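Per the working numbering, the sequence shown starts with residue 12, numbered consecutively.
Using N, Cα and C, we set each Cβ at its ideal position, and we do this for glycine too.
Keep in mind it's a predicted model, so treat the numbers as computed, not measured.
What follows is one structure encoded as structure tokens, with my remarks underneath.
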Amino acid sequence: MPRKADISLILAITAAVWISGFLWFFFTRLIEDPNLLRSELWSMMADEVLGIGGATSDPPRPTPPSGIRFLSQRLPLFGWAAVMLVLAAAHGDAVYVLLLHRCRLFWTEQIVIRLGIGLGILSTVTLCGGLAGQLNRRTMIVPALASVTVSCFIRWKSKRETPVQLTTLPREQQSSRIITILALLFILPFCVYVLLGAVSPPTDFDVREYHLQGPKEWFQQGQIVFLPHNVYTSFPFLTEMLSLTGMIFAADWWHGALVGQVVLSSFQILSTLSVFSIAHRWISKDGAWLAALIFMTTPWTLRISLIAYAEGALTFYLIAASMCALLVWQIPGRTIGLSIITGLMAGASMASKYTGLISVILPTAAVIAVQFIKSRNASRTDAELRQRAANGWRPLLLPAAAFSLGVAAMTAPWLVKNFAETGNPVYPLAYSVFGGSEWSPEMDARWKPAHAASEHNLSRIPEHILGAAVYNKWTSGLLFALAVPAVLLWRRNKALPVILCLIVWGFATWWAFTHRIDRFWIPLIPLLSLAAGATWLISTSRVWKSFLLTVIVVVTMFNVRFCGLALVGYHVGLMDLDAARQQTIRSDIRLLNESLPASAKVLMVGEAEVFDATFPLVYNTVFDDCLFEEWTTLPRDNQRPVTERRMLPPEKIRAALRMRRITHIVVNWGEILRYRMPGSYGFTGYVQPSRFAELVNQNVLKRSRSLLVRPWQDFSDTECRIVASWSGYEQLVPNNSSFSVVELYEVVTP
Numbered sequence: 012m013p014r015k016a017d018i019s020l021i022l023a024i025t026a027a028v029w030i031s032g033f034l035w036f037f038f039t040r041l042i043e044d045p046n047l048l049r050s051e052l053w054s055m056m057a058d059e060v061l062g063i064g065g066a067t068s069d070p071p072r073p074t075p076p077s078g079i080r081f082l083s084q085r086l087p088l089f090g091w092a093a094v095m096l097v098l099a100a101a102h103g104d105a106v107y108v109l110l111l112h113r114c115r116l117f118w119t120e121q122i123v124i125r126l127g128i129g130l131g132i133l134s135t136v137t138l139c140g141g142l143a144g145q146l147n148r149r150t151m152i153v154p155a156l157a158s159v160t161v162s163c164f165i166r167w168k169s170k171r172e173t174p175v176q177l178t179t180l181p182r183e184q185q186s187s188r189i190i191t192i193l194a195l196l197f198i199l200p201f202c203v204y205v206l207l208g209a210v211s212p213p214t215d216f217d218v219r220e221y222h223l224q225g226p227k228e229w230f231q232q233g234q235i236v237f238l239p240h241n242v243y244t245s246f247p248f249l250t251e252m253l254s255l256t257g258m259i260f261a262a263d264w265w266h267g268a269l270v271g272q273v274v275l276s277s278f279q280i281l282s283t284l285s286v287f288s289i290a291h292r293w294i295s296k297d298g299a300w301l302a303a304l305i306f307m308t309t310p311w312t313l314r315i316s317l318i319a320y321a322e323g324a325l326t327f328y329l330i331a332a333s334m335c336a337l338l339v340w341q342i343p344g345r346t347i348g349l350s351i352i353t354g355l356m357a358g359a360s361m362a363s364k365y366t367g368l369i370s371v372i373l374p375t376a377a378v379i380a381v382q383f384i385k386s387r388n389a390s391r392t393d394a395e396l397r398q399r400a401a402n403g404w405r406p407l408l409l410p411a412a413a414f415s416l417g418v419a420a421m422t423a424p425w426l427v428k429n430f431a432e433t434g435n436p437v438y439p440l441a442y443s444v445f446g447g448s449e450w451s452p453e454m455d456a457r458w459k460p461a462h463a464a465s466e467h468n469l470s471r472i473p474e475h476i477l478g479a480a481v482y483n484k485w486t487s488g489l490l491f492a493l494a495v496p497a498v499l500l501w502r503r504n505k506a507l508p509v510i511l512c513l514i515v516w517g518f519a520t521w522w523a524f525t526h527r528i529d530r531f532w533i534p535l536i537p538l539l540s541l542a543a544g545a546t547w548l549i550s551t552s553r554v555w556k557s558f559l560l561t562v563i564v565v566v567t568m569f570n571v572r573f574c575g576l577a578l579v580g581y582h583v584g585l586m587d588l589d590a591a592r593q594q595t596i597r598s599d600i601r602l603l604n605e606s607l608p609a610s611a612k613v614l615m616v617g618e619a620e621v622f623d624a625t626f627p628l629v630y631n632t633v634f635d636d637c638l639f640e641e642w643t644t645l646p647r648d649n650q651r652p653v654t655e656r657r658m659l660p661p662e663k664i665r666a667a668l669r670m671r672r673i674t675h676i677v678v679n680w681g682e683i684l685r686y687r688m689p690g691s692y693g694f695t696g697y698v699q700p701s702r703f704a705e706l707v708n709q710n711v712l713k714r715s716r717s718l719l720v721r722p723w724q725d726f727s728d729t730e731c732r733i734v735a736s737w738s739g740y741e742q743l744v745p746n747n748s749s750f751s752v753v754e755l756y757e758v759v760t761p
């Protein structure tokens with residue numbers, strides 16, 4: 012029979028071979044967009060260290076001024092973000108002491124629970140205040156004061172209670188001070204870098220279309236109302252409510268959006284604390300530091316802090332709910348309280364994004380059930396075993412109900428809001444089940460294929476996994492290099508099988524139920540980091556630990572330097588914020604901001620990326636009814652093919668525009684072309700260049716002015732063919748020289 016030392020050696024050699032082979036493969040592959048070998052990035056970094064990479068053939072592009080003197084621009088933003096976090100902590104503390112008073116957990120676990128729940132409650136407070144038309148600071152502050160009162164009262168009532176200990180404390184393992192110091196040397200500066208990056212003007216399309224545009228519109232209106240022109244604002248908006256809260260405190264929609272981004276970036280820091288907490292309790296302290304280091308320095312962690320996506324919150328609530336679920340059966344007398352807290356965390360994931368139902372709520376519920384089975388089977392005496400067998404599944408019913416209560420508390424406000432507005436609690440999803448007054452079968456037919464994978468070919472699964480593990484440019488080589496060998500510890504660590512199963516579930520649902528956008532799998536990065544940190548336990552050999560530590564340090568240095576490149580996203584650092592803002596505004600939008608008269612109001616056609624606009628406008632997204640079509644179509648032509656429908660008489664179109672105070676029309680033909688490309692979302696065939704030419708001839712509009720052009724020779728054959736199919740396309744491509752991407756029409760005044 013092989014000795015334990017021999018088995019440990021075999022496992023270490025197996026793991027080392029995989030790690031070395033995977034990292035060699037990883038660093039010799041091309042990353043996506045631009046096509047660049049990672050090995051070339053290593054060469055660039057070596058040149059920087061040696062000081063031989065400074066020469067360049069092109070003059071450097073002018074950049075806005077930058078320096079410590081511009082820190083003062085950010086201090087008010089960080090101040091308001093701190094206020095929001097304090098308010099959230101007040102809410103979370105009230106829930107914590109109500110459900111877990113006098114319960115001793117790690118301080119990192121307590122921070123995660125308090126702020127995780129608190130941010131969800133603060134978001135709900137903003138939603139309720141907005142629906143009531145009370146978007147003001149008082150509405151945000153008064154509920155927090157009530158929470159402080161509740162927590163103080165509970166503490167006073169329970170001051171004589173004996174603190175509750177865990178049933179089984181984690182086995183103490185010798186930890187290395189060197190690893191702690193090394194991890195902190197990377198993590199702490201990187202946290203500062205992440206927070207500075209959060210104060211970067213938004214550049215992403217989705218963010219400027221709805222993640223921030225929706226809160227901007229509600230802030231300007233002073234209340235939260237249904238926006239029929241932007242279907243995306245009917246999604247659960249936990250994170251977007253925090254952006255709206257930032258606007259309320261900053262008293263400005265643009266600076267408030269940056270305040271919101273700082274708060275959203277704190278989700279990454281909380282995720283790091285969650286990773287550390289789980290690893291510290293269930294793996295080892297050294298493994299905890301390494302797992303936290305791996306997660307924090309993964310380029311995706313920075314990237315999701317630079318962009319106000321919902322995935323940052325979804326990532327946090329998955330790992331935080333997992334942390335709480337593992338604790339549910341470990342603390343006597345607190346099973347119900349922990350079940351509610353776990354439900355609140357899991358429910359907050361769905362309040363951030365509908366996919367949280369599948370990616371967080373279902374697997375978290377399964378973790379609680381599996382942990383119950385394990386605790387039942389761990390009975391140490393025959394009497395306990397008989398008693399548990401007699402009770403069956405009954406002890407699970409109350410925690411299950413408590414978990415469901417927590418989920419409902421976080422998700423119900425959004426479901427009720429949608430039901431009241433559209434008759435569909437998960438609008439615009441499940442139209443075939445619930446219908447929806449603001450949706451249609453035609454819209455649903457376009458929506459489903461646009462938000463689902465194009466194929467489910469099982470033979471292509473390795474290709475898709477490689478796309479996430481290797482070819483995606485924002486992933487870390489450490490995630491899959493170190494997480495896969497953790498399978499070797501399956502029987503040696505009772506929490507690791509849970510973590511690995513959650514990873515498998517996450518990738519399976521990402522592949523089966525989403526359209527496989529790369530950011531949709533990033534909620535798994537904390538779990539992968541945990542598995543990666545667990546590889547520290549494969550062997551106690553000094554050789555193994557030296558090898559693993561060397562690998563982690565070297566790849567982390569690569570990741571940290573990579574995060575300083577523009578490839579990760581727009582990070583302004585200490586750049587002049589005013590100049591950075593102007594730099595990120597599209598040239599056509601900037602021109603409109605500067606040149607339109609104060610009385611102007613613009614109808615945007617084919618354009619929904621309007622967050623940076625400072626002028627009054629109306630618009631619609633690609634999945635909403637086209638306002639131009641709705642306002643100008645002859646009603647009796649509704650049954651005709653859309654391209655054959657006639658327009659209203661000129662005088663009626665003038666009246667329709669005058670009634671809505673429209674003074675200008677902007678048409679983004681570039682976006683319309685993108686939507687009409689094969690495999691894209693599609694765009695109504697009613698919008699054709701010939702219709703605008705007709706309105707010019709009828710003296711409804713003045714001749715167009717091109718705000719943005721693109722050389723015609725840069726278009727692909729497919730693009731040229733699609734443009735050539737448009738009625739009147741010749742006016743967009745005069746002399747076959749350049750294509751008018753964005754056109755501005757002025758409405759003729761009587």
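Per-residue DSSP class, three states only, for residue i
i	result
Ile42	strand
Arg716	strand
Cys574	coil
Met12	Residue placement at Met12 is poorly supported in this model, since its pLDDT is 48, which falls under 50; the coordinates still yield a value, given next. Here Met12 sits in coil by DSSP.
Asn468	coil
Thr644	strand
Glu432	helix
Pro71	Summary for Pro71: the model assigns pLDDT 45, below 50, so the residue's position carries little reliability, and this model does not support an answer.
Glu449	coil
His526	coil
Arg113	coil
Leu638	helix
Glu618	coil
Ser749	strand
His240	coil
Ile596	coil
Val509	helix
The ligand MN heavy atom lying under 7 Å from the CB of residue i
i	result
Phe278	As for the ligand MN, it is missing from this structure, which has no ligand bound.
Beta-carbon contacts of residue i that lie in its chain and below 7 Å, excluding the five residues immediately before and after
i	result
Gly298	Ala290, Gly544, Ala545, Trp547 and Leu548
Ser10	For residue 10 there is no data in the structure shown, the boundaries of the chain being 12 and 761.
Glu741	none
Leu578	Lys484
Met454	Phe634
Trp723	Val744, Asn747, Ser748, Ser749 and Phe750
Cβ neighbours of residue i in the same chain (closer than 6 Å, five flanking residues each side left out)
i	result
Ala92	Val270, Val273 and Val274
Tyr756	Ile676, Leu712 and Ser715
Leu373	none
Ser540	Val286, Ala302, Ile305 and Phe306
Phe445	Asn435
For residue i, the nearest candidate out of the options (CA to CA)
i	options	result
Ile536	Leu489, Trp501 and Tyr581	Leu489
Trp118	Arg292, Val94, Leu130 and Ala441	Arg292
Glu43	Leu407, Ala479, Phe237 and Pro87	Ala479
Met361	Ala413, Gly348 and Gly417	Gly417
Gln699	Ser691, Tyr692, Asn710 and Arg687	Arg687
Ser333	Ile152, Phe414 and Tyr482	Phe414
Ala99	Arg115, Ser83 and Leu126	Leu126
Neighbourhood of residue i by C-beta distance below 8 Å, restricted to the same chain and skipping five residues each side
i	result
Arg721	Gly681, Ser749, Phe750 and Val752
Glu474	none
Residue range of the unbroken beta strand (DSSP E) whose run includes residue i
i	result
Tyr697	That residue, Tyr697, is in no beta strand (DSSP E); it is neither H nor E in DSSP.
Distance between beta carbons of residue j and residue i, contact taken as under 8 Å
i	j	result
Cys637	Thr695	5 Å
Leu511	Val498	7 Å
Phe622	Arg219	4 Å
Ile315	Ile533	6 Å
Residue i, enclosing alpha helix (DSSP H) - first and last residue
i	result
Val203	Arg188 to Ala209
Ser727	No alpha helix (DSSP H) holds Ser727; DSSP gives it neither H nor E.
Leu329	Glu322 to Leu338
His266	Trp264 to Trp293
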